[in-house]
Amino acid sequence: MIFNWKIAAATLGVGATCLLALFYIRKIRLEEREKHMKYIAGKARIGGDWELVNTEGRFLS
Numbered sequence: 063m064i065f066n067w068k069i070a071a072a073t074l075g076v077g078a079t080c081l082l083a084l085f086y087i088r089k090i091r092l093e094e095r096e097k098h099m100k101y102i103a104g105k106a107r108i109g110g111d112w113e114l115v116n117t118e119g120r121f122l123s
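With the first letter of the sequence shown counted as 1, position 60 gets the number 122 in my numbering; the numbers rise by one all the way through.
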């Protein structure tokens, strides 16, 4: 007999476990990417235009 309910249940169990592991790893990678994007968002662009302002809000030259 080729089809067996025990084999079908085991196959579905292994497949579900692999799928859950895949979703868990994807969630961790997305969280780390979001952390990294927040860090990168605060960096200055090197070589771009900039202005120097003192603590009173006046531009310095």
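We treat Cβ as the ideally placed atom computed from N, Cα and C, and that holds for glycine.
The alpha-carbon separation between Ile108 and Arg88 amounts to approximately 33 Å.
Judged by DSSP in its simplified three-state form, Phe121 adopts strand. Taking Thr73 as the centre and dropping the five residues before and after it, the same chain places no C-beta closer than 8 Å to its C-beta.
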